[in-house]
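K.L.:
Residue numbers (the numbering used here): 1 to 408. C-beta atoms are modelled at their ideal positions from N, C-alpha and C, and glycine is treated no differently. Just so you know, these numbers come straight off a predicted model, no measurement behind them.
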Ligand SMILES: Cc1ncc(COP(=O)(O)O)c(C=O)c1O
């Protein structure tokens with residue numbers, strides 16, 4: 001069934017709040033973080049209000065309830081990503097946290113001097129800087145695949161120019177700048193075929209399209225709760241079981257061990273081996289509620305709604321004189337980066353903000369991509385399923401007005 005944003009907004013406190021104040025509230029910064037529905041906020045609050053206890057250690061009813069809800073959240077996430085075994089979903093702080101864990105593990109236990117870590121110039125800094133650190137630590141080097149001017153990847157070139165020393169292929173499922181959705185199956189297949197591990201940054205993808213990790217068959221996959229209507233400070237790292245079992249954890253502490261002696265310890269089973277200390281219990285429970293909410297709306301329904309809205313927005317924006325869109329017009333998420341010749345993106349964002357329209361401007365934590373696209377920075381409007389065509393129209397008319405204000 002087609003999604004109805006007017007109905008959807010009724011379960012978002014922030015939309016109720018602005019409906020009450022009467023202020024214009026056009027939130028188009030969803031690639032930075034999404035708004036949260038009642039069910040997510042209620043799930044987090046219920047933990048603090050009704051069954052606040054530590055998980056996996058407290059032998060009382062409250063502890064049991066907290067543990068059950070925490071593990072139910074993990075099971076929901078496994079269903080959401082189509083993972084057979086929930087213990088392959090490790091709770092972390094975020095996409096950034098997840099990628100840092102993998103990069104640290106691989107730097108210390110897998111990469112050798114002269115090995116190659118293959119990346120793309122489109123990566124968010126969180127899927128670049130940890131690999132720079134891993135390269136410095138292990139003696140590996142970084143190489144980058146070619147991208148086309150619209151930010152899509154040149155898949156043929158990756159296969160043709162494959163360096164046999166490549167041991168890791170790390171790339172994003174979708175770009176936070178261009179919105180381009182990349183072909184994880186093809187690229188992770190190439191990595192597997194050539195004996196390399198694939199690490200996918202799913203931060204922008206899980207919110208927008210059905211992600212089936214069984215089908216994608218990648219080695220590691222990372223995402224953040226807050227980009228898909230969940231809380232901040234919680235993320236997930238998925239890993240193939242044999243890899244999670246083979247590698248030892250990079251962080252030690254309580255709960256990740258079975259036995260501790262003075263000189264050494266035996267590590268716990270999955271997923272606890274990679275979850276030292278008290279986890280973000282409320283965040284995990286909130287994330288469980290978030291993915292249940294998304295599955296309730298239907299990920300295919302979300303994808304088709306946002307696809308149609310982004311297509312409409314691209315059409316309308318491309319007709320505005322002096323506007324250029326950085327990114328593909330199809331096979332994209334709702335993140336649309338653009339420039340208006342003669343107007344600085346920060347000026348555009350701040351003028352729009354005065355009209356109640358929230359967009360982002362800058363390099364979007366993707367400096368090498370800006371260079372590859374030949375721009376210093378962009379303005380970015382990013383849409384989600386609670387946005388509407390009317391908001392696109394208001395954005396376009398505010399941009400026309402912005403050009404006048406800036407004398408363009
Ligand atoms: C593609 C991509 N990767 C990684 C991240 C980092 O996410 P987080 O800050 O939640 O760790 C972001 C955030 O914008 C992103 O868009």
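Closest by CA to residue 335, which one among 75, 82 and 177?
P.N.:
177
K.L.:
Does DSSP put residue 116 in a helix, a strand or coil?
P.N.:
strand
K.L.:
Can you tell me where the alpha helix (DSSP H) holding residue 394 begins and where it ends?
P.N.:
Where residue 394 is concerned, the enclosing alpha helix (DSSP H) starts and stops at 389-405.
K.L.:
Taking 7 Å as the limit between beta carbons, can you name the residues of its chain near residue 37, skipping five residues before and five after?
P.N.:
11, 12, 229 and 293
K.L.:
Helix, strand or coil: which one does DSSP assign to residue 218?
P.N.:
coil
K.L.:
So residue 122 and residue 172 are supposed to be a Cβ contact under 8 Å. How far apart are they, rounded?
P.N.:
Going by Cβ atoms, the distance from residue 122 to residue 172 rounds to 6 Å, so yes, they are a contact pair.
K.L.:
Excluding the five sequence neighbours on either side, which residues of its own chain have a C-beta within less than 6 Å of the C-beta of residue 285, listed in chain order?
P.N.:
43, 47, 69 and 73
K.L.:
Is the region 26-36 in contact with the region 375-391, if contact means three or more CB pairs nearer than 8 Å?
P.N.:
yes
K.L.:
Within 8 Å, do at least three Cβ pairs link the region 185-203 to the region 155-174?
P.N.:
yes
K.L.:
Using the C-alpha atoms, what's the distance from residue 315 back to residue 323?
P.N.:
11 Å
K.L.:
Any heavy atom of ligand 1 within a distance shorter than 7 Å of the CB on residue 365?
P.N.:
yes
K.L.:
Under the three-state reduction of DSSP, which class applies to residue 425: helix, strand or coil?
P.N.:
The chain is shown from 1 up to 408; residue 425 falls before or after that span and cannot be answered.
K.L.:
Do residue 287 and residue 77 come within 8 Å of each other at the CB atom, strictly closer than that value?
P.N.:
yes
K.L.:
Quickly, what does DSSP pair residue 198 with across the bridge? List them, please.
P.N.:
169
K.L.:
Quick one, are the C-beta atoms of residue 279 and residue 267 less than 8 Å apart?
P.N.:
Contact: no.
K.L.:
Classify residue 175 as buried or exposed, calling it buried when 16 or more other Cβ atoms lie within 10 Å of its own Cβ.
P.N.:
buried
K.L.:
What did DSSP end up calling residue 87 once you bin it into helix, strand or coil?
P.N.:
helix
K.L.:
For ligand 1, is there any heavy atom lying closer than 7 Å to the beta carbon of residue 29?
P.N.:
no
K.L.:
Identify the continuous beta strand (DSSP E) that holds residue 143 and give its terminal residues.
P.N.:
In this chain, the beta strand (DSSP E) harbouring residue 143 covers 141-144.
K.L.:
How many whole angstroms separate the CB atoms of residue 380 and residue 364, which I take to be in contact at a CB cut-off of 8 Å?
P.N.:
6 Å
K.L.:
For residue 378, which three-state DSSP category applies?
P.N.:
strand
K.L.:
On the DSSP bridge assignment, give the partners of residue 265 in chain order.
P.N.:
In the DSSP output, where bridge partners are listed per residue, residue 265 has 260.
K.L.:
Return the chain-ordered list of same chain residues with a C-beta closer than 6 Å to the C-beta of residue 92, the five sequence neighbours on each side being excluded.
P.N.:
Non-local C-beta neighbours of residue 92 in its own chain, meaning closer than 6 Å and more than five positions away in sequence, comprise 98, 235 and 237, ordered along the chain.
K.L.:
My guess is that residue 39 and residue 289 are in contact by the Cβ rule of under 8 Å, so how many angstroms apart are they, rounded?
P.N.:
Indeed, because the Cβ distance is near 5 Å, the residues count as touching under 8 Å.
K.L.:
Below 8 Å CB to CB, which residues in the same chain sit around residue 109 once its five sequence neighbours on both sides are set aside?
P.N.:
247 and 248
K.L.:
Can you grab the Cα-Cα spacing for the pair residue 139 / residue 368, in whole Å?
P.N.:
22 Å
K.L.:
On the DSSP bridge assignment, give the partners of residue 237 in chain order.
P.N.:
90 and 222
K.L.:
Mapping DSSP to helix, strand and coil, what is residue 42?
P.N.:
helix
K.L.:
Leaving out five residues before and five after residue 411 in sequence, what residues of the same chain have Cβ atoms less than 6 Å from its Cβ?
P.N.:
As shown, the chain starts at 1 and ends at 408. That puts residue 411 outside it, with no answer to give.
K.L.:
Return yes when at least one heavy atom of ligand 1 lies under 7 Å from the C-beta of residue 127, else no.
P.N.:
yes
K.L.:
CA-CA distance, residue 221 and residue 401?
P.N.:
Distance between the alpha carbons of residue 221 and residue 401 is about 42 Å.
K.L.:
Check each candidate in 148, 377 and 313 and name the one with the smallest Cα separation from residue 388.
P.N.:
313
K.L.:
With a threshold of 7 Å, establish whether the CB of residue 32 neighbours any heavy atom of ligand 1.
P.N.:
yes
K.L.:
Exposed or buried, residue 1, counting other C-beta atoms within 10 Å across all chains shown (16 or more means buried)?
P.N.:
exposed
K.L.:
Can you find the residues in the same chain that come closer than 8 Å, C-beta to C-beta, to residue 88, ignoring five residues on each side of it along the sequence?
P.N.:
78, 238, 239, 240, 241, 244, 270 and 271
K.L.:
Give me, in chain order, the residues of the same chain whose beta-carbon lies closer than 6 Å to that of residue 343; leave out the 5 immediate sequence neighbours on both sides.
P.N.:
406 and 408
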